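J.: According to this note's numbering, the stretch in the sequence shown is residues 711 to 930, in order.
Don't be surprised by glycine CBs; every beta carbon is placed ideally from N, CA and C.
These numbers were taken from a predicted model, which means no experiment stands behind them.
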Amino acid sequence: MKLVKLSLAALVTYTLAYSAEEKTELDVGGNLIFSNNSIWRGMTQSKNSPVVQGEINLEYQNLYFGITGSNTKSDGLEARSEFDFFSGYADEVYGVGYDIGAIYYAYPKSSKEANFADVYLGLSKDFEVLKVGAKFYRGVKTNDLEVSNAWETSLSIPLPMSISFDALYGDYADVGNYYSVGFTKPINDKFKVAVSYTGINKDADGIDEENVVAMVSASF
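#1: Gly916: buried (16+ other C-beta within 10 angstroms of its C-beta) or exposed?
#2: Taking Cβ to Cβ, would you say Asn767 is nearer than 9 Å to Ser756?
#3: Would you tell me roughly how many angstroms separate the C-alpha atoms of Lys902 and Asp884, rounded to the nearest one?
#4: So if DSSP puts Lys835 in a beta bridge, which residue, or which two residues, is it bridged to?
#5: Can you tell me the Cα-Cα spacing of Glu862 and Asn781, whole angstroms?
#6: Considering just the uninterrupted stretch of the beta strand (DSSP E) at Gln755, what are its terminal residues?
#7: Can you say whether Gly805 is buried or exposed, counting buried as having 16 or more other CB atoms within 10 angstroms of its CB?
#8: To the nearest angstrom, report how far apart Val714 and Gly832 are at their CA atoms.
#9: For the beta strand (DSSP E) holding Gln771, just list the boundary residues, first then last.
#10: Considering only DSSP beta bridges, list what Tyr817 is partnered with.
#11: Taking only three categories from DSSP, how would you classify Lys822?
#12: Among Ser820, Leu787 and Tyr830, whose alpha-carbon lies nearest the alpha-carbon of Asp809?
#13: Looking at the secondary structure, which residues open and close the beta strand (DSSP E) in which Asp899 lies?
#14: What separation, rounded to the nearest whole angstrom, lies between the Cα atoms of Leu855 and Tyr815?
In structure tokens:
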């Protein structure tokens with residue numbers, strides 16, 4: 711989901727996929743994330759300012775639905791908040807997880823041209839000594855906004871003391887190559903902390919970005 715985009719990379723290795731375990735009842739959950747920055751595909755979405763992100767999600771069998779909300783700040787947007795609506799289906803075949811879904815990014819109080827969407831396909835595999843994943847995003851044209859495609863690969867390696875090393879590399883077509891590396895540590899069943907180094911090498915005359923992001927998340 712788009713908001714503390716880096717945080718999802720750190721906490722779940724940029725969507726190595728939702729759990730493939732089939733749900734037999736309707737599960738309701740969510741999380742609250744505090745971060746010093748909001749990163750999406752290597753780019754700050756908050757002008758390097760702190761953000762608070764909340765998410766509510768529903769899971770039934772292999773289907774999931776949810777909404778994520780956060781404060782945002784950009785020179786090109788009037789909006790000071792962002793809401794992302796997502797839905798998908800996740801399962802596992804022969805030990806390989808797959809995740810098919812869509813995300814709609816909405817910016818209240820901005821022109822409709824600012825809103826856009828992605829559909830995605832993710833694959834993941836847990837080798838116990840490491841988890842690997844790959845994901846492709848197909849940009850969906852909305853409100854006359856041309857949206858580029860993107861792909862990314864990720865890995866997560868478990869370390870002593872329940873720490874994980876997480877890394878991601880991706881390409882955002884016509885924008886640049888983005889990356890993140892970091893560590894995640896659960897405090898208990900509800901809280902996690904993470905720190906990551908993230909950035910993007912932009913194509914053409916774009917300005918490259920590099921950031922160190924620290925965050926705390928609480929799940930419920």
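T.: According to the data block:
#1: exposed
#2: no
#3: 34 Å
#4: Val806 and Val842
#5: 25 Å
#6: Careful: Gln755 lies outside any beta strand (DSSP E) and carries neither H nor E.
#7: exposed
#8: Residue placement at Val714 is flagged as unreliable, the pLDDT there being 42, under the threshold of 50; a coordinate-derived value is accordingly withheld.
#9: From DSSP, Gln771 is part of no beta strand (DSSP E); its letter is neither H nor E.
#10: Looking at the DSSP assignment, Tyr817 forms no beta bridge with any residue, so it has no partner.
#11: helix
#12: Tyr830
#13: No beta strand (DSSP E) contains Asp899, which DSSP labels as neither H nor E.
#14: 12 Å
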